[in-house]
Each structure stands twice: as C-alpha cells, then as structure tokens.
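Numbering (full-length UniProt numbering), first residue to last: 1 to 1167.
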C-alpha cells in the first residue's frame, strides 16, 4: 500500500521584512543560531529568537505581534535560550531564559507592552516551565505544597548545573518597573512554610525573589522539564538519561531512574491518558535525543505510571494521586528500518511532540455514578527530521500514536523488525516531503497539529470495519514554522485519500478498476461481505459493482458522475451499454434500499416500543445516505442524457422523482427518530414519557371545537372554512385527504390520525415540498403546545435540519397563532420581512376571512393595508370591500370598487356595496359621493327594489340632492297613491314628504308639475270598439254640376278668408259690422298685434317654449302656454233672431248658410 503523504494547503506565508532582518544570524558569533517554537495552548502564537532578538508572530498569518531586543551588562549581548507562554491576570506573556556571560536571567516578557516586567538572576543555562499562573492561597492552588501557596506566580527552572528550582515571580507586586538589566537576585528558602511569609516580605523590600530548591547542583545538567497537572508532578530529565518525578503536594521526589536508552539526554516530555483504564494508569513519553549531533538518534520511551486513586476535583480537573510504580512499557527508535527511509540515516532530530485528547459526552451515563470522564480519543504526535547520506534535503515525518489502539493491540513493547508500519494498528506516519521541497532551502523549526482538526471519517458500514479504528484513518491539519515564514498543510488518512482517488478516477480500464478495488479493500471501505476478498478472486464486473457500491456508500459520487459525463460525451459503441449498466444498477440499488427502509420503519409505527436504539438510527442514516446519493446519480443521468426516446425520458424522470421522494422521506423519518417523536406509542403511555409526544385525540378535539366555533361565528355571512391549516391541507389536493382517511380515526382533515400518515405526505408527488414542510412545522407547533412542560428544543431544530427558509417558518408560525386566537402576534409574524417570499396563493383571502369572521376588523384592515393582497376575482373584491366598509373606510372602498370593476361585474359589486352600506348604516354617507351615470342607475334600482318605504324615501332625498325634482315629485306621488291611511305614522311621514315636495315643487312651472303628476298615474292603454253597421245607401249615384254657381276650391276659400282678416286687422277700408264675438275679438287686437296669417300657418311647426320656474312662490306672471296648437274654427249660425251686422262670405256651395269665424286657442273645435 502507498505511503501517507501530507498535502500543502497554502503557499509560504513570509514574515515581515523587519522580522527577517532582526532574526538574521550573526555572521561573527556563530553561537547565535535562529530557533523558535509554537506556543502551547490556543494562544495561536509563535516565537523566534536569534541572539538577543525575540520576535513574536501570529501562528496563522505570520503577522508580527511583538518584538524585543534584550540587553546585557557584559561585553557581549545575551542570547535567548528558551521561551514558554505564560498568562496572568488576563495578560499574556512569555517566560524567557536569557544566557549571559556570568549566568542566566529569567525574564517575564509582557506581549501587550513588549517589554520585560520581571527579571531574576539564575545560575547556569536555564530551561523554564510555568507551574502556576498567579498563585496565592486559593482553591486553584490546593493541590500544591503549603510553601508554594505563598508564592504569586511560580516558574519551574532547571539549569545545566543540575538545579531544580521553583521561583516566586512576585506577580502581586507590579508597582515597580524592572528590566533584564535590573534583574533581582534569588534567595533559596529552606525554612518551614510558617517562615515563608516573613522571609518573602523581607526579600521583597530588598528586591530579591524567593525560590524553593528541589535538587541542588550535581554536575549533571538538566535538559528537559515539564509540569504534569493531571498527576501534579514535575518531570525532570537529565543529560545522562535519568528521569525524576517530583510531587508538588509534598515537594518530594517520587521516582528517579535511568531510561533504557542509556546515557542519551532526555530532550522532551508529553503526557497521555488512555480511556477507562481500571488500574488508574496513565503514561508519560520521554524523548531521548542529543539534538543536532552527528549520528544522533531519537528514541521514544513510554512510561506507565500507576496510581492508587483517580478523582475529579471540584473545578472539573482530573487528578491522579498515590504513585505506586513507574515502568517503561514501549519504546520506538525513529530511525529504525521500519520507517520509510530511503537511505542509511546519519542524523535524526526531533521537531516537536504534543498530545491531543478529546472527551465525548455520554448522555446515557448515570450522573449519580461517581465516574470520572476519560478521553475517548488520546493520541501523541511526534514530528522529526531524518538526514541520510547523499540526501540534499532532510526527510520530515509526523507520527501519530493512538494509545487506545495500543491497548487493543495487547500493549506491545515496540514495533519490531520485520513488522510493517502500514499494517500497524496503533501507529501511523505521514511524510512531509512536499512541504520540505516547496520551502527549500528554508529550515523547518517546528510543527504543530491543530487539535480541533483531528478527526476520523464517518463509518460507512455498520458495524464499522477494523481498519476504521486505526490511526491511519485520522485526518488533521498542521502548521510548519520556518525561519522565514509559515506553511499550512493537511494530512489525510487512507480512507480520505482513497475517496479522493475515487472522486477523480473513472473506471474505464481494468487497471483502474483493480487499483480502486485494492485501495477500497485496504481502507476498509468495502462491505463486510468483501472484507477479506482479494481482487484476483472476483471478476471485473463484480469489482466494478463493489467500487460503485463503495462510491455510493461513501458519497464519492465524482467517480460515477464523471463516468456518466465521459460516456455521454463519447460516441463509442460501448458508451450506451455502460450508461445502461449504471442506470439498471442504480435502480436495483434503489429497490433494495427501499425494501430495507421498509423493514427498518415498520417497528416505528406499530406502537411496539417507546424508544429507538442507536443501531436503528445508524441503519436509517445509512439508508437515507444511499437514497440521496442514488437520487444524485439519476439527476446526473437526466441532465447529461442525449437523444432519449420519449418512453426512455419518461422512465428516467420517474426514477429520478421516486428516488428523490424516498430519500426525503427517509431523511424526515430519521429526524423524527432523533428527536424522540418516533417510534409512535399509544395515547395512554404518552403522558409518562418526558419528551414531546404526538397525541391525536387531544389535538383533534381542539380543532373540532375550533371549526364549530367558526361555523357559529360565521352566521352564514362569512366563510366558516377559514382555518389556516385547512388551507394548507386543501392545497395538497384530494390525494392527501384520501391518505389521511386510510388509517383508523382519520377524517381526511387535520390533524392526521398517526405520524405514519403525516410522514407519508413526503411520498406524494406533484405537491410542493414547501407545503409538506409547512404542514409538518404546523404539527410540531401543536405538539409543543400540547406539552408546554416538556423540552421542545429538539423540535425547533426541524427547519435548520432541512434548510427551510426563515420566511416559511415565520409564515407557518403566524398561521398557527391565527388559528389559536393570538391575532396580534400572528399579524407580526405574517408580515415579517422574510414571510412575503413564501406566501401561499390562498393565504390573504383566508386570513381576511378568518379575521372578519372572528370580529377582528381593525386587524384585518391593518393586514389589508400592509400586505396589499392582489384582487383577481369578484369574491376577493367583495371580501376587500367588506374589510374596508366594516372599518368605515367608505371612500377607500369606493375607490377600490372603481379600480377593480369591469363591465361584467360592475352591477354585482355595486349591489354588494349598496347592500353592505345599508347594513352598516353607511347609506347616507354613500349618497354624498359623486356617482356616475351607471352607478346612479344601479343605486336607483337598488333603492327601488329593496328596503321598502325607507329606501324609497332615501331615493327621494337623493333625487332632491341631485336637483332631479320631477323624479322626486313622481316618486312622492307614487308613494301617495300606495299610502296606507290607516297607519297614523305612515300618514304623518307622508304629510311631511308632501310638505317638503310642495316647497321643492314651487320652483317648477305649473305645466311641469302637472306633467309629473300625470306621468305618475298608471298608464292605460287606448282601446277601440268595433261595431258592425249596415252599409249606407247613397241618395244618388249621378253627380250633377250646378251651372249657376261659381266653383271655388277649398284653398281659394281659405285664401279669401285670410285676405279679409288682414284687412280687418290692418284697418284697411271701412269697419264692417260684426257679431258680438267678432267685436270682442277686435277689442283684443293689441294682444294679437303680431298674430299674422303667416304665423298662423307656421304655428304647427313652432316648438312649445319651456317656461322658466319663477323664483317666487307665487304665480308666474307669464301665462302658461298650452301644448295644443291654435286653429281656425267656423261656426254655423241658424235662425238668429237678430242678424248681426258683419262681414259674411259665401263658399259658393250654400248661400243660405252663414259662417262665423273665430280664433280659439283653448277649446277644441265643434264637430
């Protein structure tokens, strides 16, 4: 199998130029060598030093954060030996060990101030280790010796002379400024703890620092130092390979022995704790290396520390007490032949060592049990460089040791000769050669692995294969510190590398198929059925099937989608067969997974249990992941397929839809199981369960009562079907209704009888997914409302789990509150800024109906104004008019009617408006509005046809307001004709109307008033009586012409008459004697002075003038003109006793008869 190799994830991030210049090595003094380290913990810093210069940079970006140049009192400047991060009183700094010509100085460097705040003179070359950040007699220092509790800030210091000192930094006194040039002296204390306060006070006044000396100068230099907080021990390593363990509670040496590596110096320590060791054992790694010496080797020694007790302090820290024994259990030479070195090693140098531990919470663990948590993950990480003969750049490696897997491997004492590192179950090694090659020739100073990035890939099979637990499956990120900058990298385990290979590779050849299968087998990615089956035992098709299954199981779909895109782009004959194989394989996988899913889900809905076991959750998650990945494959086939037949396209679309629906269904079922809503139980057991539970009977009773209340409130005027949830369900159609009638107790309405019926909506096609999510969110709100005392935080995780928009969540919450009488909060949520993006088509109409039905007229008006619902039908227009009219917004309602009315619905809307106004008492305000012709006609019809006498009186008032006096008079006359005189009130109202109309009528001429009255009378059709009479017999059938008489035509006769009249009027000639009637006519001559024969002839063509109504209530001066035209009448006079003298004419027919003429403009002519 191939070697694990790190991948560079960033370019070289160089330090600022000023930092590089400051760290430039002194060409004269060769002892000034550049060195640096990352700080321990999460401070994210790195320090670099060369000679007296100290630079502090950001561990991610390389940005310069602080810098300082130390000064010395001697001829040569001091050199920085070591530095450790140190924090106190919310301040960050470094404990720096300086080497001077006459000794060393321990400095406390403040990063915020970029200066030294404390300095103490130490004999010999020093190595420092912080022990207590602040100190004092507090609960945080109870584990220390009483003498140390008087110190404020403790630093452990060892020297090359063999000193082991605990120095008081005096952090309780920061009043005076101090630098490395003004370093304080050190005073060793050997007195009892009772004397320390007095001695400390005296030494502080004298400018000295107290220290406790654990080990005096022995001539053997101390080379390594580490404080182990979990065992409360100080580990000290010496140059001769000896190791000491000092107990900080008793200040006694508990262990002193030489490591099996012999006289090689102890260079570093790191502590590691296993998971749940019943013997109270923990482990300490001791690294032996002389560093930078020719032929140096690096040895890792694992010491087992057994204690009598392991307890948890009140602060939550774990503490081991009572060391029983310490022995070496494992050793490893980092230059051995088991590591992948290409040549014989000449030098090995340790770069860093660290331990990463992760604690996983155990919710099923009983809190009453006195159990102390231990790390579920505990790995020690080492990085080192190896230089070989003939090799330009050294090889760099990172090794990960998993102590829990070492336990599982029966705790071997080493990785022996001949054993393969690739098959090692507890140790994995990554090569950093890509990093070294990229940054060459820059030197690598330190490597740190980010603890938060350490992870394993998810197990893709249940139970996971053995390879899954090996350290070769770890993935982590790391950062390298160089002398010129910072580089970031990532290390992937076998599984992740194999998946990356599958995403990039396309199995188009037998070699790639065989390689892919071998990688999957070694990585433990194949199914348990093929865990021990080599590639040579399977056919190429079986290997391909296994690879495709692995790709789907691990979501490495780039392999399959890449093949699909490649085969669709090719025009080779085999491409179609390959695509067909992928399609058939994927569909068979869907069928198989669906059958498995049915078997998993069956116990969830039959009320057989109240809890879901972890294995069921894993199986559900596995099925959901498979279905989701298979749906992606069908989607890729659908988008990439070319030249499909109609039947093939329909089939592919159906398969894509089915796989998507089942995948979403499995995802929702899995969420319901994780939150505890599934499995379903009986209603009797629900109240005994601490988690929220769905009880159909409680929720169903509530909504039955709500529907009855709405029916009662509607009173036939409003729509009683105005529950918001009924609108949601109705949007899904009859298929959902039939689905909810399937189970016992289902009515087809909300709520569904079971959660099984609820979740099955995700299997219905042609229904918007947002509507499905909305129904589920609505039901979850009901579940939380039904059990207010139970924890519902898990229920609230449904929207983020399915990436449901915030607007839809707010919208459903508003609809739910509206159905539960909380109208004000519902209004705020419905009009949330994000809600309009997710509105339903029926929403506005149903919301307004619900508010109006429940009498929430102001809220409905506010919703109408803010939401501005679109109006696309007459019913919607009527609803909006009702909202406005019930809030007495008549003018706005009138404007809305004109805006949304047309030729077809104008009459209906006007009638509805007039009827609503009359019902709400707004008819008088309506009559004040300027009405158009059609609107006025509709109003007249409405008032005439409805409301009886009051509406007709309103119409009369309307006529009078519009100055339509004649219709008002006619209407009043009609009311008088149908008056019931027996009712005194009606008679009194009639008299009032008559008085009003009489006054208005005076402004009209008498003729118009009379015409109005006549028109108000009922119209009688004229009729003719036909009688049969005998045919008359003429006196003679022979006409005879008189010879003695002069024949005159009728026209001639009339002309003669008119001529005589003209003579009379103009006074031409003698005045003839006339009859009394003629004389009277002559006396009235001046009145008819303009009455000429021509005017008489034209009188039939002249229109009747219209009289102007007089302003006074009296009779008009101008006499009314008759509508009947003037005519000439001839009257025959017979047997007159006294013939009057006058002018007579004969017509040439009868001379014995005399005719008298007169002009009568009033009486009709006699026959």
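For every residue, glycine included, the Cβ atom is placed at its ideal position computed from N, Cα and C.
- Taking every protein chain shown into account, the CB of residue 389 has fewer than 16 other CB atoms within 10 angstroms, so this residue is exposed.
- One alpha carbon belongs to residue 50, the other to residue 355, and they sit about 28 Å apart.
- Taking a cut-off of 8 Å for Cβ pairs, the segment 542-550 and the segment 511-529 touch, as three or more such pairs fall below it.
- Taking each of 659, 617, 625 in turn and checking the Cα distance to residue 637, the smallest one comes out for 659.
- Note that the segment 313-329 touches the segment 247-257; at least 3 beta-carbon pairs, one per stretch, sit closer than 8 Å.
- Taken through DSSP and simplified to helix, strand or coil, residue 563 comes out as helix.
- DSSP, reduced to helix, strand and coil, places residue 138 outside both helices and strands of the structure shown, so it counts as coil.
- Of 958, 875, 831, the smallest CA-CA separation from residue 864 is found for 831.
- Around the C-beta of residue 37, 16 or more other C-beta atoms lie within 10 Å, and the residue is accordingly described as buried.
- Positions of the alpha helix (DSSP H) runs, each at least 4 residues long and wholly inside the segment 648-701, are given as 683-686 in order along the chain.
- A direct Cα-Cα distance of roughly 8 Å separates residue 402 from residue 377.
- Residue 127 and residue 59 do not touch by the CB rule: their CB atoms are close to 22 Å apart, not below 8 Å.
- Contact holds between the segment 936-954 and the segment 915-928, because three or more Cβ pairs, one in each stretch, are under 8 Å apart.
- The same chain holds no residue with a CB closer than 6 Å to that of residue 953 once the five nearest residues on each side in sequence are set aside.
- Contact check for residue 133 against residue 66 fails: the beta carbons are separated by 8 Å or more.
- Per DSSP, the beta bridge partners of residue 185 are 208.
- When DSSP assignments are scanned along the segment 455-513, the uninterrupted stretches of beta strand (DSSP E) that are 3 or more residues long and fall wholly within it turn out to be 474-482, 485-491.
- Going by C-alpha positions, residue 564 is about 19 Å away from residue 517.
- A direct Cα-to-Cα measurement between residue 763 and residue 604 gives close to 17 Å.
- In this structure, 678 is the residue among 668, 645, 678, 623 with its C-alpha nearest to the C-alpha of residue 608.
- Distances from the CA of residue 237 to each of 230, 256, 1032 were compared; the closest alpha carbon is that of 256.
- Residue state for residue 419 is assigned as coil, using DSSP reduced to three classes.
- Distance between residue 106 and residue 195, taken at the CA atoms: about 25 Å.
- Beta-carbon to beta-carbon, residue 554 and residue 499 are separated by about 5 Å, close enough to satisfy the 8 Å threshold.
- The alpha carbon of residue 778 has as its nearest neighbour, out of 857, 726, 932, the alpha carbon of 726.
- Contact between residue 92 and residue 98 does not hold, since their C-beta atoms are separated by about 19 Å, which reaches or exceeds 8 Å.
- With three or more CB-CB distances shorter than 8 Å, the segment 842-850 counts as touching the segment 726-740.
- Look at the beta carbons and you see the segment 627-642 touching the segment 565-575: at least three pairs across the two are nearer than 8 Å.
- Counting the other Cβ atoms within 10 Å of the Cβ of residue 829 gives 16 or more, which makes it buried.
- Rounded to the nearest angstrom, the gap between the Cα atoms of residue 873 and residue 808 is 26 Å.
- When the beta-carbon positions are compared, residue 379 and residue 400 come within less than 8 Å of each other.
- Sixteen is the threshold: when 16 or more other Cβ atoms of the shown chains lie within 10 Å of the Cβ of residue 152, as they do, the residue is buried.
- Ranked by how close their Cα comes to the Cα of residue 510, the residues 536, 521, 486, 709 have 536 in first place.
- In this chain, the beta strand (DSSP E) harbouring residue 236 covers 233-238.
- Between the segment 986-1002 and the segment 964-972 there are three or more inter-stretch CB-CB distances shorter than 8 Å, so the stretches are counted as touching.
- Under the three-state reduction of DSSP output, residue 832 falls in the coil class, being neither helix nor strand.
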